[in-house]
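Participant: Residue numbers for the sequence shown follow this note's numbering, beginning at 1333 and rising by one. Ideal placement from N, C-alpha and C gives every residue a C-beta, glycine not left out. Sharing a structure, written as structure tokens. Questions coming.
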Amino acid sequence: MKNIDWKNLGFAYMDTNCHIRYVWKNGQWSAGELVTSPYMSIHIAATALHYGQEAFEGLKAFCRKDGKVSLFRPQENAKRMQTTARRTCMAEVPEAMFVDACQRVVKANLEFVPPYGTGGSMYVRPLLFGSGAQIGVAPADEYTFLVLVTPVGAYYKGGLQAVKAMVQDEYDRAAPRGTGHIKVGGNYAAGLYPHLEAKKLGYPVELYLDPKEHKWIEEFSTSNFLAITKDGKYVTTKSGSILPSITNLTLQQLAKDLGIPVEVRPVAFDEVTTFAEVAACGTAVVVTPVYQIERAGQVYKTGPETGCGPVLQQLYNAVQGIQYGERPDVHGWNVEVQ
Ligand SMILES: Cc1ncc(COP(=O)(O)O)c(C=O)c1O
């Protein structure tokens, strides 16, 4: 067991034993090797550097109550990375190889998985990029796939904390038929400036509306939007330009299991007054309750300022309970590492 202050881990990169790396050349992936150095040598004409041929994913491994370590729904991340690869003309990583890569690298870094009870987890970051040299705008003839891991702490120490959000009306995150639905680095580079602007104004998260009309809710900069309506429904946005969140899928299923009606549909911003609870959802924190949303000087109350509404809390507990092996994994979402 590593001498790490598990209780005070944040969400930051920490060197571990190794990452796993594969290369695709002449139509074939290499066997994958565990590499100890966190540095790599890359061709100066690699398409990732010039033309943004790059995709990434984010998932987690948890040390469960029974002491076993498992990944949470890695097959879903594999599928999403394949969608991204197709849209950006990169070699696809087969699902079995993706899951095996995650298992191998977590296994090689087991002493960095935060122990059960610390509230932490191991963040798993798969990365795929064009590493072949290509000076004209065209797909590379070589790709690198790697998976790095790093231990991360409990995001909420002492209960879920609510944040306030602002609508980002000055910028868009994605074009209607662009790349908002896939996980390419360029989406995040484009979001940095608007994010820092929102932060300067005192808002930790910003909400994007549809780029065409600024009428429909899309998503937060790094998480999906979900709401519990005053009449008890789970509502989340449907749009071709948002990232299909795996946490959102999970929460929808758990809501259905609890008998909560789930609606996935276009959600007009005007509907905010009908919400009892609002949250941003994603792998990093599961749910972040949003107690108010501001747009053009107008403030809309969307939940309790002191923490989390009851339905979101119930859903959050259900997800974490499965991830830490405290509740039965009836949907078979945990994939064991050992
Ligand atoms: C833009 C965006 N939306 C939503 C999500 C949440 O997705 P997931 O639940 O798969 O982490 C993320 C994080 O990956 C994201 O970057």
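1. Please give me, in chain order, every unbroken run of the beta strand (DSSP E) with length at least 3 that falls completely inside the segment 1525–1611.
2. Measuring CB to CB, does A1612 end up less than 9 Å from V1499?
3. Counting Cβ pairs closer than 8 Å, one from the segment 1547–1555 and one from the segment 1587–1605, do we hit at least three?
4. Can you confirm whether the segment 1406–1423 touches the segment 1481–1489 when touching is taken to mean that 3 or more C-beta pairs between the two stretches lie within less than 8 Å?
5. Apart from the five residues just before and just after E1386, which ones in its own chain have a Cβ nearer than 8 Å to its Cβ?
6. Under DSSP, the beta strand (DSSP E) around M1346 begins and ends at which residues?
7. Using a Cβ-Cβ cutoff of less than 6 Å, which residues in the same chain neighbour I1352 once the five nearest sequence positions on both sides are dropped?
8. From the DSSP secondary-structure annotation, give me the bridge partner or partners of V1456.
9. Nearest to S1577 by CA position, among E1408, N1358 and R1505, is which residue?
10. According to DSSP, is V1367 part of a helix, a strand, or is it coil?
11. Assess, as a yes-or-no matter, whether the segment 1526–1536 is touched by the segment 1565–1585 under the definition of 3 or more beta carbon pairs within less than 8 Å.
12. Between K1339, V1596 and T1638, which lies nearest to A1273 when the distance is taken from Cα to Cα?
13. Enumerate in chain order the residues of its own chain whose CB-to-CB distance from Y1648 is below 6 Å, with the five nearest sequence positions on each side excluded.
14. Helix, strand or coil for Y1375, going by three-state DSSP, please let me know.
15. For G1653, does the three-state DSSP call read helix, strand or coil?
16. Determine the DSSP secondary structure at Y1632, reduced to helix, strand or coil.
17. So, helix, strand or coil for Y1354, using DSSP?
18. Between C1434 and ligand 1, is there a pair consisting of the residue's CB and a ligand heavy atom that are separated by less than 8 Å?
19. Considering Cα atoms alone, identify which of M1454, A1428, Y1448 and T1450 is closest to A1440.
20. Please find out if some non-hydrogen atom of ligand 1 comes closer than 8 Å to the beta-carbon of T1606.
21. To which residues of the same chain is A1377 closer than 6 Å at the C-beta, ignoring the five residues directly before and after it?
22. If you draw a straight line from the alpha carbon of P1283 to that of K1565, how long is it in whole angstroms?
23. Is it the case that the segment 1470–1478 contacts the segment 1342–1361, given that we only count it when at least three CB pairs across the two stretches are under 8 Å?
24. With DSSP as the reference, please indicate the residues paired to W1338 in a beta bridge.
25. I'd like to know whether the C-beta atoms of P1621 and G1591 end up nearer to each other than 9 Å.
26. From this set, F1607, W1361 and T1569, which residue's C-alpha is nearest P1426's C-alpha?
27. Near E1424, what residues of its chain come up, given a Cβ to Cβ distance below 6 Å and the 5 sequence neighbours on each side ignored?
28. If you run the structure through DSSP and keep just helix, strand and coil, what is C1421?
29. Does the distance between the C-beta of N1358 and the nearest non-hydrogen atom of ligand 1 fall short of 8 Å?
Facilitator: Quick answer:
1. 1537–1541, 1549–1552, 1555–1561, 1566–1569 and 1594–1597
2. no
3. Two segments are said to touch when three or more pairs of C-beta atoms, one from each, lie closer than 8 Å; by this definition the segment 1547–1555 touches the segment 1587–1605.
4. no
5. A1380, T1420, L1459, L1460, F1461, G1462, V1516, G1517 and G1518
6. Element bounds for M1346: n/a, residue is neither H nor E.
7. G1364, L1366, A1433, R1436, V1437 and V1479
8. L1391 and V1481
9. E1408
10. strand
11. no
12. The structure shown does not extend to residue 1273, since the chain is modelled only from 1333 to 1670, so the question has no answer here.
13. Within the same chain, Y1648 has close Cβ partners V1618 and V1619.
14. Looking at the sequence provided, one finds His at residue 1375 rather than Tyr. It is coil, neither helix nor strand.
15. Three-state DSSP puts G1653 in a helix.
16. Strand at Y1632.
17. strand
18. no
19. M1454
20. no
21. A1465 and I1467
22. Since the first and last residues shown for the chain are 1333 and 1670, residue 1283 lies out of range.
23. Output reads yes: the segment 1470–1478 touches the segment 1342–1361.
24. None, per the DSSP bridge assignment.
25. no
26. W1361
27. Q1414 and A1417
28. coil
29. no
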